[in-house]
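With full-length UniProt numbering applied, the sequence shown has no gaps in its numbers, which climb one by one up to 453 at the end. All C-beta atoms in this analysis are idealised placements derived from N, C-alpha and C, irrespective of residue type, glycine included. Data first, discussion second: the structure below is written as structure tokens.
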Amino acid sequence: MTSSTATPDYTQAPNNRKLGHIPGEKGWPVVGCLPRLRTDPFGLAKHHWDKYGPVSRINMGPQPGVMALGPDLAQTLFLDSDRNFSTKMGYDYALRTFYGDNLLCLDFDEHKFQRRIMQTSFKTAAMRSYVDTMNPILDKGMDQWAFDDNFRFYDNIKELLLRMTCKVFYGVEPEDEGSDELAKAFIDILDAQMGIVRLDVPGTKFHVGKNGQRFLRKYITNLIPIRRAGNGTDMLSHMCKETKPDGSYFTDEEIVDHASFLLFAAHDTTTSTLTHMMYYLATQPEWQERLRVEGEQIGRDYLEYEDLSSVVELDASFQEAQRLHPSVTVLVRRNIRDCELGGHHIPAHTLIFQYPIFTNRMEQYWTDPHRFDPERFFPERNEQKGHAFCHMPFGGGAHKCIGMHFGAMQSKLFTHQFLRKFQISLPKGYQAGFTYLPMPKEKNGLPLVVKRR
1 MTSSTATPDY TQAPNNRKLG HIPGEKGWPV VGCLPRLRTD PFGLAKHHWD KYGPVSRINM
61 GPQPGVMALG PDLAQTLFLD SDRNFSTKMG YDYALRTFYG DNLLCLDFDE HKFQRRIMQT
121 SFKTAAMRSY VDTMNPILDK GMDQWAFDDN FRFYDNIKEL LLRMTCKVFY GVEPEDEGSD
181 ELAKAFIDIL DAQMGIVRLD VPGTKFHVGK NGQRFLRKYI TNLIPIRRAG NGTDMLSHMC
241 KETKPDGSYF TDEEIVDHAS FLLFAAHDTT TSTLTHMMYY LATQPEWQER LRVEGEQIGR
301 DYLEYEDLSS VVELDASFQE AQRLHPSVTV LVRRNIRDCE LGGHHIPAHT LIFQYPIFTN
361 RMEQYWTDPH RFDPERFFPE RNEQKGHAFC HMPFGGGAHK CIGMHFGAMQ SKLFTHQFLR
421 KFQISLPKGY QAGFTYLPMP KEKNGLPLVV KRR
């Protein structure tokens with residue numbers, strides 16, 4: 001990779017659209033590659049890899065950009081030794097509209113500085129307290145599920161995790177005033193994110209999402225003085241009390257940006273991961289039993305914080321579900337200066353797309369890559385170590401997900417309890433399918449046959 005002189009202010013430059021010198025495809029008018037990305041991101045990436053090589057031109061909606069595939073290019077983009085690949089400008093369109101200057105919309109020194117706001121939130125003492133909060137909520141929640149013919153795992157786990165994360169992140173109980181509106185606002189924002197028509201006028205999904213954003217920001221702003229004055233152990237309480245080097249608090253605006261994005265980043269990624277874990281466990285009862293046996297060796301209905309490192313097979317199953325269906329379908333950067341990737345000249349301000357699902361299934365690194373096989377993560381195989389970036393469920397480099405251990409913890413706590421209580425399978429004759437936008441999930445919400453053990 002080579003780079004030239006920096007532009008004065010890269011955040012003010014529009015996205016580059018002049019990419020005709022790079023081989024590739026535009027896809028459909030207006031929507032570009034989005035229809036196939038929604039249904040078959042691996043097939044889309046494999047097609048480009050086979051036909052054009054690691055770097056090719058592609059339209060993401062109406063916006064042309066570059067698809068940069070494989071772990072070598074992932075390492076170049078995410079380690080970014082020359083500080084040439086902006087995360088801020090990669091996600092500006094998709095995320096900043098609804099979540100302000102969150103961590104994915106900040107670059108370099110400002111990003112490093114703002115991560116300070118969460119340093120206490122993810123320390124061991126805080127994580128241990130989250131375990132104590134989450135376990136009884138999960139227990140009560142799954143016992144209230146109705147396992148009839150209409151049961152859909154995705155809908156139920158999404159609602160349960162939303163209630164749980166509102167408690168862990170904001171200290172909000174289901175019976176608190178405004179909690180229902182808070183949950184609705186969050187769902188409305190998510191629904192609006194993928195819209196191509198972005199007009200904040202009544203009658204549009206975008207307007208509904210913006211109303212949700214306005215409610216969410218006001219709700220969190222009103223909580224800040226209460227959490228700062230209290231002794232709560234939720235994440236917002238920690239963030240409100242975090243200070244800058246000069247001893248001052250982070251501003252309300254900064255706290256709201258990060259707190260609103262955290263809910264999105266943690267809730268929907270875990271919902272996606274657990275949905276795919278349950279699908280594979282439902283199709284492979286031998287793995288269900290292996291995880292139960294491992295859990296029974298713990299000897300408790302709840303996993304405690306100290307147990308998390310000892311459930312090796314459960315962790316491998318979590319990693320394997322993330323490998324096959326990474327929670328984020330596309331990782332995005334935008335280059336600040338002209339550079340070279342894969343032998344192609346990339347003009348400044350070009351959007352660059354990485355597809356983890358392709359790297360995660362490359363035959364060069366993974367044995368029988370489309371098969372659910374958690375043993376590939378066992379020490380005697382360690383296939384994930386074939387390349388530093390052949391498996392990146394939480395991204396990489398400076399922007400590697402700060403909440404990655406929290407997400408894994410949520411998934412393990414739930415799965416341990418769920419499998420101790422229930423036996424799961426797919427309905428007879430059911431053929432599952434998957435969709436990948438706005439978040440990966442089983443296309444019908446994953447109907448399950450659930451029997452109490």
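**OP:** Starting from ILE157, follow the alpha helix (DSSP H) in both directions and report where the run begins and ends.
**Re:** Taking the first residue of the sequence shown as 1, we reach residue 157 at position 157. Taken as a continuous stretch (DSSP letters only), the alpha helix (DSSP H) holding ILE157 covers 153-165.
Subject >> Straight-line gap, GLY295 to GLN119 (C-alpha atoms, nearest Å) >> reply: On the sequence shown, residue 295 is found 295 positions in, with the first residue counted as 1. On the sequence shown, residue 119 is found 119 positions in, with the first residue counted as 1. Approximately 31 Å between the Cα atoms of the pair.
Subject >> C-alpha distance - ARG115 paired with PHE250, whole-angstrom precision >> reply: Within the sequence shown, numbered from 1, the residue matching residue 115 stands at position 115. Within the sequence shown, numbered from 1, the residue matching residue 250 stands at position 250. Distance between the alpha carbons of ARG115 and PHE250: 11 Å.
**OP:** Only counting runs of 3 or more residues, tell me where the beta strand (DSSP E) segments fall wholly within the stretch 18-100, in order along the chain.
**Re:** 55-60, 63-68
Subject >> For ALA398 and GLU442, the rounded distance between their alpha carbons >> reply: For this step, residue 442 is matched to residue 442 along the sequence shown. For this step, residue 398 is matched to residue 398 along the sequence shown. GLU442 and ALA398: Cα-Cα distance of roughly 31 Å.
Original post:
With a CB to CB cut of under 6 Å and the five nearest residues on each side skipped, what residues in its chain are close to ARG214?
Top reply: The count along the sequence shown starts at 1 and reaches residue 214 at position 214. The answer is none, since no qualifying residue turns up.
Subject >> Identity of the residue in ASN444, ARG452, THR415 nearest LEU161 by Cα >> reply: As a position in the sequence shown, residue 161 is number 161, starting the count at 1. Among ASN444, ARG452, THR415, the Cα nearest to that of LEU161 is on THR415.
Original post:
Among all the DSSP beta bridges, which residues are the ones paired with PHE434?
Top reply: To locate residue 434, count along the sequence shown from 1; it is residue 434. Answer by DSSP bridge pairing, in chain order: GLU442.
**OP:** Indicate whether the contact test is met: 3 or more Cβ pairs, each with one atom in the stretch 377-389 and one in the stretch 68-79, closer than 8 Å.
**Re:** yes
Original post:
Do GLY343 and TYR154 have their C-beta atoms within less than 8 Å of each other?
Top reply: Start at 1 with the first residue of the sequence shown, and residue 343 comes out as number 343. Start at 1 with the first residue of the sequence shown, and residue 154 comes out as number 154. No. Outside cutoff.
Subject >> Candidates TYR430, LYS112, SER317: closest to PHE377 by CA position >> reply: Indexing the sequence shown from 1 puts residue 377 at position 377. Taking only the C-alpha atoms, the option nearest PHE377 is SER317.
Original post:
Roughly how many angstroms lie between the CA atoms of SER425 and PHE113, to the nearest whole one?
Top reply: For the purposes of this step, residue 425 is taken as the residue at position 425 of the sequence shown. For the purposes of this step, residue 113 is taken as the residue at position 113 of the sequence shown. Each residue's Cα considered, the two are about 47 Å apart.
**OP:** Ignore the nearest five residues each way along the sequence and tell me which others in ASP107's own chain have a CB closer than 7 Å to its CB.
**Re:** Indexing the sequence shown from 1 puts residue 107 at position 107. Counting only Cβ-Cβ distances below 7 Å, and skipping sequence neighbours, we find SER86, THR87, LYS88.
**OP:** Alpha carbon to alpha carbon, how far is LEU216 from SER56? Give it in angstroms, no decimals.
**Re:** Mapped onto the sequence shown, residue 56 falls at position 56. Mapped onto the sequence shown, residue 216 falls at position 216. Approximately 39 Å, taken between the alpha carbons.
**OP:** Would you list the one or two residues that DSSP bridges to TYR249?
**Re:** Here residue 249 corresponds to residue number 249 of the sequence shown, with the count starting at 1. Answer is THR243.
**OP:** Please go through the same chain and pick out, in chain order, the residues whose beta-carbon is closer than 7 Å to the beta-carbon of LYS400, but skip the five residues on each side of it.
**Re:** Numbered from 1 along the sequence shown, position 400 holds the residue referred to as residue 400. For LYS400, where only same-chain residues beyond five positions count, the Cβ hits under 7 Å are PHE394.
Original post:
What's the C-alpha gap between LYS46 and PHE186?
Top reply: Counting from 1 along the sequence shown, the entry for residue 46 is found at position 46. Counting from 1 along the sequence shown, the entry for residue 186 is found at position 186. If you take the alpha carbons of LYS46 and PHE186, they lie about 34 Å apart.
**OP:** Indicate whether the contact test is met: 3 or more Cβ pairs, each with one atom in the stretch 339-356 and one in the stretch 58-68, closer than 8 Å.
**Re:** yes
**OP:** Give the straight-line distance between the Cα atoms of ASP109 and GLU25, rounded to the nearest whole angstrom.
**Re:** Residue mapping note: residue 109 aligns to position 109 of the sequence shown, counting from 1. Residue mapping note: residue 25 aligns to position 25 of the sequence shown, counting from 1. Rounded to whole angstroms, ASP109 to GLU25 spans 36 Å at the Cα level.
**OP:** Evaluate GLN297 with the Cβ neighbour count: other Cβ atoms within 10 Å of its Cβ, from every protein chain shown; 16 or more gives buried, anything less gives exposed.
**Re:** The residue given as residue 297 occupies position 297 in the sequence shown. Classification for GLN297: exposed.
Subject >> Same chain, Cβ closer than 7 Å to PRO54, neighbours up to 5 away in sequence not counted >> reply: Start at 1 with the first residue of the sequence shown, and residue 54 comes out as number 54. Excluding positions up to five away in sequence, the list reads ALA68, LEU69, GLY70, LEU73, GLY342.
**OP:** Could you tell me which of PRO245, ALA259, TRP145 sits nearest to PHE98, measuring between CA atoms?
**Re:** Mapped onto the sequence shown, residue 98 falls at position 98. Comparing Cα positions, the closest option is ALA259.
Original post:
At which residues does the beta strand (DSSP E) containing residue 497 begin and terminate?
Top reply: The requested residue 497 does not occur in the structure, where the chain is confined to residues 1 to 453.
Original post:
Can you list the alpha helix (DSSP H) stretches of 4 or more residues lying completely in the stretch 303-334, in chain order?
Top reply: 312-324
Subject >> Three-state class that DSSP yields for PRO174 in the structure shown >> reply: In the sequence shown, counting from the first residue as 1, residue 174 sits at position 174. Note: PRO174 maps to coil in three-state DSSP.
Original post:
Taking the alpha-carbon positions, what's the HIS111 to GLU254 distance?
Top reply: Translated into the one-based positions of the sequence shown, residue 111 becomes position 111. Translated into the one-based positions of the sequence shown, residue 254 becomes position 254. Going by the C-alpha atoms only, they are around 12 Å apart.
Original post:
On the three-pair Cβ rule with 8 Å, is the stretch 222-238 touching the stretch 170-181?
Top reply: yes
Original post:
Between which two residues does the alpha helix (DSSP H) harbouring SER129 extend?
Top reply: The sequence position of residue 129 within the sequence shown is 129, counting from 1. That run of the alpha helix (DSSP H) goes 124-143.
Subject >> Start-to-end residues for the beta strand (DSSP E) that takes in PHE422 >> reply: Sequence index remark: in the sequence shown, residue 422 carries index 422 (1-based). That run of the beta strand (DSSP E) goes 422-425.
Original post:
Which whole-angstrom value describes the C-beta separation of ASP338 and PRO326, a residue pair presumed to lie in contact below a C-beta threshold of 8 Å?
Top reply: By one-based count along the sequence shown, residue 338 stands at place 338. By one-based count along the sequence shown, residue 326 stands at place 326. Contact doesn't hold; Cβ gap of about 30 Å is too wide.
Subject >> Distance, HIS238 Cα to PRO23 Cα >> reply: Within the sequence shown, the letter at position 23 stands for residue 23. Within the sequence shown, the letter at position 238 stands for residue 238. Using only the alpha carbons, I get a separation of about 49 Å.
**OP:** Could you please give me the residues that DSSP links to GLY395 through a beta bridge?
**Re:** Numbered from its first residue, the sequence shown carries residue 395 at position 395. Paired residues: PRO393.
**OP:** Express the C-alpha separation of LYS451 and MET142 in angstroms, rounding to a whole number.
**Re:** Along the sequence shown, read from residue 1 onward, the residue named residue 142 stands at position 142. Along the sequence shown, read from residue 1 onward, the residue named residue 451 stands at position 451. Cα to Cα, the separation comes out at about 13 Å.
**OP:** Find out if the Cβ-Cβ distance for the pair LEU95, THR329 is shorter than 8 Å.
**Re:** Working through the sequence shown from its first residue, we reach residue 95 at position 95. Working through the sequence shown from its first residue, we reach residue 329 at position 329. No, the pair does not count as a contact, with Cβ atoms beyond the cut-off.
**OP:** With a 10 Å radius around its C-beta and 16 neighbouring C-beta atoms as the bar for buried, classify ARG290 as buried or exposed.
**Re:** Position 290 of the sequence shown, counting from 1, holds the residue named residue 290. By the neighbour-count rule (16 or more Cβ atoms within 10 Å), ARG290 is buried.
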